[in-house]
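Remarks on the structure that follows.
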Amino acid sequence: MFLFFAENRLVFNRDSEKFSESPFWRNVRQEHDACGIGFVVTKNATREAVTMALDGLCGMRERSGSAFDAGDGAGIIMETAGARKFYEQFLPKDRHVEQDTDLAVGMFFLDRQLDGGGKEMRKRIKRMLFEHGIVVHGWRDVPTTYDVLPAHIRGKQPECWQLLYSRGDGMGKQKFREALFRVQQRIERELKGVYPASLQPDTIVYKARATPDQLIRVYGGDFCHPDFVSSQVGFHGRMSTNTEPDPENAQPFGLIWHNGEINTDRALSGAQRDLEVRLGLTLEGEECVTVDPKRSDSSHFNGMLKSLISTSDISGPVAMRRRGTPARSDLYRYDEETRKHFELIERTQGAMAAKQGPEAICGMTASRVWVTMDPLSLRTFWIYGDDDVTVGSSLPGSPPIPLDKLKFVHRLKGGNIASVRKGKLVLPDEMEKIITRDDRLVMVGDSRLIDISRRAELPDENVELLSKSDVIKLWNQVGGDQHVAEVLDNMALNGKEPIYGMGDDRPLAVMSPGRLRMAAHFSQVVAVVTNPPIDPLREGADFVLKTFLGCSPKQTDINDPNTYQASPELVCSSPILNLPKMKAIRENGEVAYREIDTTFEGTTGADMEKRLKEIIQQCVALAEAGNYPILIFSDRRAREEGRQKLKLCLKPWMLLRPMIPLF
Numbered sequence: 242m243f244l245f246f247a248e249n250r251l252v253f254n255r256d257s258e259k260f261s262e263s264p265f266w267r268n269v270r271q272e273h274d275a276c277g278i279g280f281v282v283t284k285n286a287t288r289e290a291v292t293m294a295l296d297g298l299c300g301m302r303e304r305s306g307s308a309f310d311a312g313d314g315a316g317i318i319m320e321t322a323g324a325r326k327f328y329e330q331f332l333p334k335d336r337h338v339e340q341d342t343d344l345a346v347g348m349f350f351l352d353r354q355l356d357g358g359g360k361e362m363r364k365r366i367k368r369m370l371f372e373h374g375i376v377v378h379g380w381r382d383v384p385t386t387y388d389v390l391p392a393h394i395r396g397k398q399p400e401c402w403q404l405l406y407s408r409g410d411g412m413g414k415q416k417f418r419e420a421l422f423r424v425q426q427r428i429e430r431e432l433k434g435v436y437p438a439s440l441q442p443d444t445i446v447y448k449a450r451a452t453p454d455q456l457i458r459v460y461g462g463d464f465c466h467p468d469f470v471s472s473q474v475g476f477h478g479r480m481s482t483n484t485e486p487d488p489e490n491a492q493p494f495g496l497i498w499h500n501g502e503i504n505t506d507r508a509l510s511g512a513q514r515d516l517e518v519r520l521g522l523t524l525e526g527e528e529c530v531t532v533d534p535k536r537s538d539s540s541h542f543n544g545m546l547k548s549l550i551s552t553s554d555i556s557g558p559v560a561m562r563r564r565g566t567p568a569r570s571d572l573y574r575y576d577e578e579t580r581k582h583f584e585l586i587e588r589t590q591g592a593m594a595a596k597q598g599p600e601a602i603c604g605m606t607a608s609r610v611w612v613t614m615d616p617l618s619l620r621t622f623w624i625y626g627d628d629d630v631t632v633g634s635s636l637p638g639s640p641p642i643p644l645d646k647l648k649f650v651h652r653l654k655g656g657n658i659a660s661v662r663k664g665k666l667v668l669p670d671e672m673e674k675i676i677t678r679d680d681r682l683v684m685v686g687d688s689r690l691i692d693i694s695r696r697a698e699l700p701d702e703n704v705e706l707l708s709k710s711d712v713i714k715l716w717n718q719v720g721g722d723q724h725v726a727e728v729l730d731n732m733a734l735n736g737k738e739p740i741y742g743m744g745d746d747r748p749l750a751v752m753s754p755g756r757l758r759m760a761a762h763f764s765q766v767v768a769v770v771t772n773p774p775i776d777p778l779r780e781g782a783d784f785v786l787k788t789f790l791g792c793s794p795k796q797t798d799i800n801d802p803n804t805y806q807a808s809p810e811l812v813c814s815s816p817i818l819n820l821p822k823m824k825a826i827r828e829n830g831e832v833a834y835r836e837i838d839t840t841f842e843g844t845t846g847a848d849m850e851k852r853l854k855e856i857i858q859q860c861v862a863l864a865e866a867g868n869y870p871i872l873i874f875s876d877r878r879a880r881e882e883g884r885q886k887l888k889l890c891l892k893p894w895m896l897l898r899p900m901i902p903l904f
């Protein structure tokens, strides 16, 4: 049963197209603070889709932050095919676009400080599109009413221009999409003071640093026009949490809009950059083509997803699934074929499939809207509707559908993907089968996996015992403090066990038949408050801890992101390698390894720096040769007289970064 209540809010009335008091319903037990997001889909292009989306946006105004009447961002994204009549009126008189030719519209924000009012920049943009075979019809100066914004931000708003264009002769739809993606990359890298808010073949974005109510008034000339119609409209009201509230960071972006945060943004962005370096799209030391470090996590993910869709001719839901799979504990819900597809994604995409965080992500392309949930279901999203309209919303009832007309209500679960295509709702179970069927992701070559986990579970009878002097020396080298030393002394000599508080619910050893590993006494026992607290080692039921060792499958053709060259790999159940696992790695006989000594002789910084340079040169040479997929960094020689170990924090960054272009 749903618990609904009505509250009077100022909303956009879709009958009179004016603001009025209107009741809406919502489930108060599912409240979660986050940006307000949603979409409206109708079977045909209508005014209703637009006005309902604006209604829904205004119904979530508490989800949009504001200070001194200045909003932190709001916007809509809509399919443009239905609004062709509206945009055709802005074509130059000497221009005519045939009805069987797509008319596309791009949205650009230009800095008001540009010389000549941005005229030269607009010429350069037209030239870039022409060089990629795109037919440009002309520019439109979008009427904006910035007077509704508070005075202290009014003068900071950009000029808003729309570019009308279409496919060149003989250019297919996928080539058109890819060409636009390449042009947008060039614009963002080469033209300062220009922001392409959307440059897609079938959608357009309207957004501003404004509240939802202000947004409608800023673009009122377009929003209230009778020919401004669409069959699918998405909306986003942003609550600023981690980025500056400027138009570039306002949502929607050209492809997606979402609420929450992508907590693995750094891992995803790093993996995207490494891929581009390997494919020659970005030189080492240059900024990443797809990921601009000055923008938000949402913008980064939008760029990565758009790159995949534009270059691989796959659907939005397929691309979204490649960037993250359901929680490990939910895999039992899926059939064997789907689970194998998840395993293929994990192995080929690696860190590219590391999307995690409290978020619901919506996306839009031609005739399709989709939404996906984070694996842990830390955000809520509902899909409901009647015979003519399908609504998706993070706050059910905004926009409202009269209860007597309501035909269905679905709440998405963690890891779910659903879509609405040409007005038809596809729920998660069916959607997953479609994704598995349509994804053309393949591995070629020798793709064997050698599992070392079971072998590593066997006890190692030849464990080397260290002398007390060795223990003291190693303890000092890793920075051990006196407090931990006292804990170890009490445990080893007196049989005492440390007791912790604040979230430590482990039973004492004397009360449990299980044997607690020594390392467990020094691991994190209190959740650090983030958004949300994520500790992969404690959340093993939801996070995939499976770790691959060796040469991971690689995309080798810049023009084919669906085919990965594979070679044999080792696999273990977690990234923590104990002595039996290390022995299994050394004795596997399939994947070659080379051991690197990470100790140095001497006591000065110069001695350490010299050894670091030697190790880097050795690693780069091994990577160039390509004969050793596994490098083991060992500090076992630290026990020798006169030798010191390199600090762990120095190894990964200094050793691996010079090797990335070689892999």
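For the working numbering, count along the sequence shown from 1 and bump the result up by 241. Quick reminder that beta carbons are idealized off the backbone N, C-alpha and C, glycines included.
Could you check the C-alpha separation between residue 599 and residue 656 for me, to the nearest Å? Position 358 of the sequence shown holds residue 599. Position 415 of the sequence shown holds residue 656. Cα-Cα distance, rounded: 11 Å.
Going by beta-carbon coordinates alone, are residue 837 and residue 790 separated by less than 8 Å? Taking the first residue of the sequence shown as position 1, residue 837 is located at position 596. Taking the first residue of the sequence shown as position 1, residue 790 is located at position 549. Not in contact: residue 837 and residue 790 (Cβ atoms no closer than 8 Å).
Does the stretch 575-590 come within contact of the stretch 603-617, defined as at least 3 CB pairs closer than 8 Å? no
On the DSSP bridge list, what partners appear for residue 477? The residue given as residue 477 occupies position 236 in the sequence shown. The partner list for residue 477 (beta bridge, DSSP) reads 278 and 316.
Should residue 726 be labelled buried (16 or more other beta-carbon atoms within 10 Å of its own) or exposed? Residue numbering aside, residue 726 sits at position 485 when the sequence shown is read from its first letter. When all chains shown are included, residue 726 counts as exposed.
Counting only the same chain and skipping the five closest in sequence on each side, list residues whose C-beta sits under 6 Å from that of residue 884. Mapped onto the sequence shown, residue 884 falls at position 643. Taken in chain order, the residues that qualify are 840, 842 and 878.
Under 8 Å, with one C-beta from each stretch per pair, do the stretch 679-695 and the stretch 549-567 reach the 3-pair mark? yes
Counting only beta-carbon atoms, is residue 862 nearer than 8 Å to chain E? No chain E is present in this structure, which holds just one protein chain.
Counted within 10 angstroms of its Cβ, other Cβ atoms place residue 296 as buried (16 or more) or exposed: The count along the sequence shown starts at 1 and reaches residue 296 at position 55. That one is buried.
Would you call the stretch 580-594 in contact with the stretch 635-645, where contact means no fewer than 3 C-beta pairs closer than 8 Å? no
What are the residues that DSSP puts in a beta bridge with residue 649? Taking the first residue of the sequence shown as position 1, residue 649 is located at position 408. BP columns for residue 649 point to 626.
Is residue 428 closer than 8 Å to residue 369 when the C-beta atoms are compared? Within the sequence shown, residue 369 is the residue found at index 128, counting from 1. Within the sequence shown, residue 428 is the residue found at index 187, counting from 1. Closer than 8 Å, so yes.
Please classify residue 844: does DSSP put it in a helix, a strand, or coil? Position 603 of the sequence shown holds residue 844. Residue state, collapsed to three classes: coil.
For residue 350, which three-state DSSP category applies? Within the sequence shown, residue 350 is the residue found at index 109, counting from 1. Residue 350 falls in the strand class under three-state DSSP.
Taking only the alpha-carbon atoms, compute the straight-line gap between residue 690 and residue 589 and give it to the nearest angstrom. Numbered from 1 along the sequence shown, position 449 holds the residue referred to as residue 690. Numbered from 1 along the sequence shown, position 348 holds the residue referred to as residue 589. Each residue's CA atom was taken as its position, placing residue 690 and residue 589 some 13 Å apart.
Which stretch, first to last residue, makes up the alpha helix (DSSP H) that contains residue 205? With the chain covering only 242 through 904, there is no way to say anything about residue 205.
Whether residue 422 touches residue 408 by CB criterion (8 Å): Locating residue 422 in the sequence shown gives position 181, counting from the first residue. Locating residue 408 in the sequence shown gives position 167, counting from the first residue. No, Cβ-Cβ distance for residue 422 and residue 408 is not below 8 Å.
With DSSP as the reference, label residue 882 as helix, strand or coil. Here residue 882 refers to the residue found at position 641 when the sequence shown is read from its first residue. In this structure, residue 882 counts as coil in the three-state DSSP scheme.
Please say whether residue 389 and residue 459 have beta carbons closer to each other than 8 Å? Counting from 1 along the sequence shown, the entry for residue 459 is found at position 218. Counting from 1 along the sequence shown, the entry for residue 389 is found at position 148. The answer is yes: Cβ separation under 8 Å.
Simplified DSSP assignment, three categories, for residue 560: Taking the sequence shown and counting its residues from 1, the one referred to as residue 560 is at position 319. If DSSP states are grouped into helix, strand and coil, residue 560 belongs with the helices.
Assigned exposure category for residue 685 - 16 Cβ within 10 Å defines buried: Residue numbering aside, residue 685 sits at position 444 when the sequence shown is read from its first letter. Label assigned to residue 685: exposed.
State the CB to CB distance for the pair residue 452 and residue 315, rounded to an integer number of angstroms; the pair is presumed to be in contact (CB under 8 Å). Taking the first residue of the sequence shown as position 1, residue 452 is located at position 211. Taking the first residue of the sequence shown as position 1, residue 315 is located at position 74. Their Cβ separation, rounded to whole angstroms, is 6 Å, which keeps residue 452 and residue 315 in contact under 8 Å.
If you run the structure through DSSP and keep just helix, strand and coil, what is residue 656? As a first step, residue 656 must be located in the sequence shown, where it is residue number 415. Residue state, collapsed to three classes: coil.
At which residues does the beta strand (DSSP E) containing residue 437 begin and terminate? Within the sequence shown, residue 437 is the residue found at index 196, counting from 1. Residue 437 -> beta strand (DSSP E) spans 435-439.
Collapsed DSSP secondary structure at residue 834 in the structure displayed: For the purposes of this step, residue 834 is identified with residue 593 of the sequence shown, where counting begins at 1. In the structure shown, residue 834 falls within a strand segment according to DSSP collapsed to helix, strand and coil.
Same chain, Cβ closer than 8 Å to residue 587, neighbours up to 5 away in sequence not counted: Residue mapping note: residue 587 aligns to position 346 of the sequence shown, counting from 1. So the list reads 566, 594, 785 and 787, once near-sequence residues are dropped.
Can you tell me whether residue 711 is buried or exposed? The criterion is at least 16 other CB atoms within 10 Å of its CB, across all chains shown. Here the question's residue 711 lines up with position 470 in the sequence shown. The residue is exposed, with fewer than 16 neighbouring Cβ atoms inside 10 Å.
Excluding the five sequence neighbours on either side, which residues of its own chain have a C-beta within less than 6 Å of the C-beta of residue 325, listed in chain order? On the sequence shown, residue 325 is found 84 positions in, with the first residue counted as 1. Closer than 6 Å at the Cβ level, and outside the excluded window around residue 325, lie 344.
Kindly give me the distance between the Cβ atoms of residue 375 and residue 328, rounded to whole angstroms, as I take these residues to be in contact under 8 Å. The sequence position of residue 375 within the sequence shown is 134, counting from 1. The sequence position of residue 328 within the sequence shown is 87, counting from 1. Taking the Cβ atoms as the reference, residue 375 lies roughly 16 Å from residue 328, outside the contact range of under 8 Å.
Please tell me whether residue 541 and residue 506 are closer than 8 Å, where the distance is taken between their beta carbons. Your numbering for residue 541 matches position 300 in the sequence shown. Your numbering for residue 506 matches position 265 in the sequence shown. Going by C-beta atoms, residue 541 is nearer than 8 Å to residue 506.
Compute the Euclidean distance between the alpha carbons of residue 665 and residue 645, then round it to the nearest angstrom. Counting from one through the sequence shown, the residue named residue 665 turns up at place 424. Counting from one through the sequence shown, the residue named residue 645 turns up at place 404. Those two C-alpha atoms are separated by around 21 Å.
For the beta strand (DSSP E) containing residue 810, name the first residue and the last one. Taking the sequence shown and counting its residues from 1, one reaches residue 810 at position 569. That run of the beta strand (DSSP E) goes 810-813.
Report yes if the CB atom of residue 312 is closer than 8 Å to the CB atom of residue 450, and no otherwise. As a first step, residue 312 is located in the sequence shown; it is residue number 71 there, counting from the start. As a first step, residue 450 is located in the sequence shown; it is residue number 209 there, counting from the start. Yes, the pair counts as a contact, with Cβ atoms nearer than the cut-off.
Beta-carbon gap between residue 359 and residue 320 smaller than 8 Å: For the purposes of this step, residue 359 is identified with residue 118 of the sequence shown, where counting begins at 1. For the purposes of this step, residue 320 is identified with residue 79 of the sequence shown, where counting begins at 1. It is not a contact, given that the beta carbons lie outside the stated cut-off.
For residue 499, does the three-state DSSP call read helix, strand or coil? Taking the sequence shown and counting its residues from 1, one reaches residue 499 at position 258. Residue 499 falls in the strand class under three-state DSSP.
Beta bridge counterpart(s) of residue 604 as assigned by DSSP: Locating residue 604 in the sequence shown gives position 363, counting from the first residue. Paired residues: 497 and 611.
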